[in-house]
Amino acid sequence: MIEVTGLSKKYGSLEALKSISFKVEEGSVFGFIGRNGAGKTTTMNILTGLLKFDDGKISIKGKDFLKNKHELSRLIGYLPETPSFYDYMNSYEYLNFMGEIIGCRSKNLKKTVEELLDKVKLTRQGKRRIGGYSRGMKQRLALAVAFMNSPETLFLDEPASALDPEGRMEMLELIEGMRDERITIFLSTHILNDAERVCDRICIIDEGKILLTENLSSLYKTYIQPIIDVEFEDDPEHKIEPLKKLEWVENINIESHKVSIYVKDINTARRKVLKEIANLDAGIISYRIRKSTLEDIFMRMVGKNELI
Amino acid sequence: MNSFKAYFKKEAIEAIRTHKYLILFVGTVFWALLNPLMLKLLPIILKNYITAELTDIFTYFTRDSAFLNFLGDLFEMGTLFIAFSLMGLISNEVYRKKLTFPYSRGVDPAGMVLAKYVHYAATISIFILMAFLTNYFYINILFSGGILSIGIVLKSALLYIFYYCILLSILIFFSSIFKRSLITGITILVLGYSLSLFNRFKTIRVYFPNYLLYRAADILNIFDSSLVSTAIIYFCTTILFVFLTIYRMKKIDIA
Numbered sequence: 128m129i130e131v132t133g134l135s136k137k138y139g140s141l142e143a144l145k146s147i148s149f150k151v152e153e154g155s156v157f158g159f160i161g162r163n164g165a166g167k168t169t170t171m172n173i174l175t176g177l178l179k180f181d182d183g184k185i186s187i188k189g190k191d192f193l194k195n196k197h198e199l200s201r202l203i204g205y206l207p208e209t210p211s212f213y214d215y216m217n218s219y220e221y222l223n224f225m226g227e228i229i230g231c232r233s234k235n236l237k238k239t240v241e242e243l244l245d246k247v248k249l250t251r252q253g254k255r256r257i258g259g260y261s262r263g264m265k266q267r268l269a270l271a272v273a274f275m276n277s278p279e280t281l282f283l284d285e286p287a288s289a290l291d292p293e294g295r296m297e298m299l300e301l302i303e304g305m306r307d308e309r310i311t312i313f314l315s316t317h318i319l320n321d322a323e324r325v326c327d328r329i330c331i332i333d334e335g336k337i338l339l340t341e342n343l344s345s346l347y348k349t350y351i352q353p354i355i356d357v358e359f360e361d362d363p364e365h366k367i368e369p370l371k372k373l374e375w376v377e378n379i380n381i382e383s384h385k386v387s388i389y390v391k392d393i394n395t396a397r398r399k400v401l402k403e404i405a406n407l408d409a410g411i412i413s414y415r416i417r418k419s420t421l422e423d424i425f426m427r428m429v430g431k432n433e434l435i
Numbered sequence: 314m315n316s317f318k319a320y321f322k323k324e325a326i327e328a329i330r331t332h333k334y335l336i337l338f339v340g341t342v343f344w345a346l347l348n349p350l351m352l353k354l355l356p357i358i359l360k361n362y363i364t365a366e367l368t369d370i371f372t373y374f375t376r377d378s379a380f381l382n383f384l385g386d387l388f389e390m391g392t393l394f395i396a397f398s399l400m401g402l403i404s405n406e407v408y409r410k411k412l413t414f415p416y417s418r419g420v421d422p423a424g425m426v427l428a429k430y431v432h433y434a435a436t437i438s439i440f441i442l443m444a445f446l447t448n449y450f451y452i453n454i455l456f457s458g459g460i461l462s463i464g465i466v467l468k469s470a471l472l473y474i475f476y477y478c479i480l481l482s483i484l485i486f487f488s489s490i491f492k493r494s495l496i497t498g499i500t501i502l503v504l505g506y507s508l509s510l511f512n513r514f515k516t517i518r519v520y521f522p523n524y525l526l527y528r529a530a531d532i533l534n535i536f537d538s539s540l541v542s543t544a545i546i547y548f549c550t551t552i553l554f555v556f557l558t559i560y561r562m563k564k565i566d567i568a
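So the protein lines, in turn, are chains H and E.
First residue of the first sequence? That's 128 in our numbering, and the numbers climb one at a time after it.
First residue of the second sequence? That's 314 in our numbering, and the numbers climb one at a time after it.
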């Protein structure tokens, strides 16, 4: 289990993390979601020992991270968002290099490297220099490095961001497979569909603060409030101002010609929304009421945070 | 020890594939070969362009003066090549984020720094020894006269090796504190050249590493008692800079 209490980090005067606390259960997939600059990567870098922190406490498997950093780092695998390798090496050489650092026995190392390359589908390109790899191939090699020595905890920072759709699906299947093997996964992503598919627990971070940490199932129960999507013929930006002033409207999200209305009271909304939209004097293409997705919950939480 | 072994191998692969061995070879051994040849051939090539007096200077080169000429040139060229080929030894790793994986998997910074230092100290030592022997071989073929012997050459080479080992320890330290490798390169170059000025001051010169070069050029009496202070300072300074680099790499934020 990973337990973070009151973690703070400053970059000069900028507070990147404002006393955040959360727990990651053993064998679960913990989705860490937030906008760019929210503090996701800073948290990851601290938890993997790459960055110092100003205040707080981290314990992994019940052991204090700072006091047992060397021992605990052997149990951790990390896939950074933009992995960087020695470009003049090939995959075999790089994995051997990392294996030696981790302390893999040389007898097993060759076999381990071959298995890992096979797992991430890089066996054919294993003898090519890494400098000639595509971003997706580098991401797969990074995953092989993260898997080295069968870590008990994996930190994955945007693991699918550089992958093509097929690679992304494979990555998600891989994460699901690891969850079945009871590997603890700390997954940072901005692809909310991915988080929705593989995570057991979701944590939303914004501006260095944790806005929410909850199991995915109870999250849907709490934020079951439907959303009303309306598509307009023209840009609705200026026309929807009256809707924002309605007391049963919590927030409005505009994306091109589509407007998502987040409501406080669905019963009132159902009765009144059509009348209010008709009063806007704007051409409507479609109208529907749908259930909240993780993306909606995220937008709602982040929106609230902006108002604070 | 795992980190030391892994990084030692990595440095060897890197030096081959990024041509660092070749660059250091050119700056030392190739220069040692070229130096006496140029000294011999220059008056012939330039005989129509330089005065007879100047031609005479070239003609009267003995084995000793040719060797001393090589020492001066090796100091200038060697320092230049070493400073600029190794200036990114640590800064490139840190600021190009090459250390993310090793640090996240528990690399021992001491093993890493020592592997880098030992690898390049050994490389430079071998190349300098090769350079001195190559130069001695060609000097013996091309020039005559003087007292130069293999013993003198080896003693001089040893002091040059010590000098470059201390310079390397300073370089590795600066490379861990400066973000831009070029700053490290220029600092080492300026430091290497400017410290030679202290050789003019008899009372304090023994406390500076460039005194090793001064003694290496005194071929009549290379090893004397004044070298004891320099040797003590040499060992302490080298250990200090390597230790400071390890300390810095233990405290540094990698991400």
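By construction, the Cβ of each residue, glycine as well, lies at the ideal position given by its N, Cα and C atoms.
Taking a 10 Å sphere around the C-beta of C549/E, we find fewer than 16 other C-beta atoms and assign the residue as exposed. At a Cβ-Cβ threshold of 8 Å, Y205/H and F282/H count as neighbours.
Burial check for G176/H: the Cβ neighbour count within 10 Å reaches 16 or more, so the residue is buried.
Annotation: T170/H has no Cβ neighbours in chain E at a cutoff of 7 Å; minimum Cβ distance is about 11 Å. Look at Y138/H here: in three-state DSSP terms it is strand. Exclusion of the five residues before and after K184/H leaves T132 as the residues of its chain whose Cβ lies within less than 6 Å of its Cβ. For N378/H, no alpha helix (DSSP H) segment is defined; the enclosing uninterrupted segment is the beta strand (DSSP E) at 376–382.
Exposure of V503/E is indicated by the presence of fewer than 16 other C-beta atoms within 10 angstroms of its C-beta.
Taken in chain order, the whole beta strand (DSSP E) runs of length 3 or more contained in the stretch 233–295 of chain H are 280–284. With fewer than 16 other Cβ atoms inside 10 Å of its own Cβ, H332/E counts as exposed. Annotation: G498/E to L480/E spans about 11 Å, alpha carbon to alpha carbon. Within the DSSP bridge table, the entry for V151/H names I129/H as partners.
Between T311/H and S155/H, the C-beta gap is smaller than 8 Å, which places the two residues in contact. When 9 Å is used as the limit between beta carbons, L177/H is near these residues of chain E: L412, T413, Y416, S417, D566, I567, A568, in chain order. Under the criterion of beta carbons closer than 8 Å, A345/E and F445/E qualify as touching, at roughly 7 Å. The straight-line gap separating the alpha-carbon atoms of T375/E and S494/E is approximately 41 Å. For L461/E, the three-state secondary structure derived from DSSP is coil. In the DSSP assignment, F414/E falls within the unbroken alpha helix (DSSP H) covering 413–417. Three or more Cβ pairs closer than 8 Å define a contact, and the stretch 349–364 of chain E falls short of that threshold against the stretch 459–468 of chain E. Distance from the CA atom of I496/E to the CA atom of I403/E, rounded to whole angstroms, is 13 Å. I545/E is not a Cβ neighbour of V426/E, given a cutoff of 8 Å.
Listed by position along chain H, the residues whose Cβ is nearer than 7 Å to that of R409/E are S211. Unbroken alpha helix (DSSP H) stretches of 4 residues or longer found wholly inside the stretch 314–368 of chain E: 315–330, 333–338, 344–358, given in chain order. Contact annotation for S316/E against chain H: I228 [CB-CB distance below 7 Å, chain order].
Just so you know, the alpha carbons of L407/H and F425/H end up roughly 28 Å apart. Contacts between V420/E and chain H, judged by CB atoms closer than 8 Å, involve I228 in chain order. Of all residues in the stretch 180–207 of chain H, only K196, H197, E198, L199, S200, R201, I203, G204, Y205, P207 come within less than 9 Å of chain E when Cβ atoms are compared, listed by chain position.
Bounds of the beta strand (DSSP E) holding E341/H are 336–342. Using a CB distance cut-off of 8 Å, E220/H counts as an interface residue toward chain E. For D182/H, the enclosing beta strand (DSSP E) has its first and last residue at 182–187.
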